[in-house]
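A.B. asks:
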Amino acid sequence: MEFFHYSNGLGAALSKTHTPGVRDTFTQSVNANLYNNGMHSLDANAFKSQNTLANGFKFDRNGAGLEYSHINGHGASLTKSTIPNFGSQLELAGKANLWSSPDRNTRIDLTGSGSKWTSGPLSGQRDYFGGVGLTHMFG
1 MEFFHYSNGL GAALSKTHTP GVRDTFTQSV NANLYNNGMH SLDANAFKSQ
51 NTLANGFKFD RNGAGLEYSH INGHGASLTK STIPNFGSQL ELAGKANLWS
101 SPDRNTRIDL TGSGSKWTSG PLSGQRDYFG GVGLTHMFG
């Protein structure tokens, strides 16, 4: 479930995610467009989430970041997040559009990210992700 409002380059969203047997997450976020010339866009965002794992363990996570996007579907983001009383993490992510249909409703994208814990018991731990995704917009 998600609620989103966007006006004059400013936005706010509330979302609730339930992953059976894994966790429930309630996220509040705000977004501001800093630059947009029709081809390039730069946004700033901040978020706070409340998380409950399947075993009942609860924790908050909050953070902020910058996101760049190009009209052709390429983009990158840099996010710093913190779990209070645990640690902080820095993440760099990117997306490259490999193919789009003429109506741009179907896309194949290459994605990747890397993160590093900058404080707390996991300090110095690095995680990496990469993938190829197919997206089709119906309607």
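The sequence shown begins at 1 in UniProt numbering and counts up by one.
Where is the CB? At the ideal position from N, CA and C, for every residue including glycine.
If I'm right that Ser49 touches Thr79 with Cβ under 8 Å, what's the distance once you round it to whole angstroms?
C.D. replies: Their Cβ separation, rounded to whole angstroms, is 13 Å, which puts Ser49 and Thr79 out of contact at 8 Å.
A.B. asks: Where does Asp60 sit, in a helix, a strand or coil, going by DSSP?
C.D. replies: Strand at Asp60.
A.B. asks: With DSSP as the reference, label Ser7 as helix, strand or coil.
C.D. replies: Here Ser7 sits in strand by DSSP.
A.B. asks: Under 7 Å Cβ to Cβ from Gly139, same chain only, skipping five residues before and after it: list those, please.
C.D. replies: There are no such residues.
A.B. asks: Could you tell me which of Gly11, Phe57 and Asp127 sits nearest to Asp43, measuring between CA atoms?
C.D. replies: Minimum Cα distance to Asp43 is reached at Gly11.
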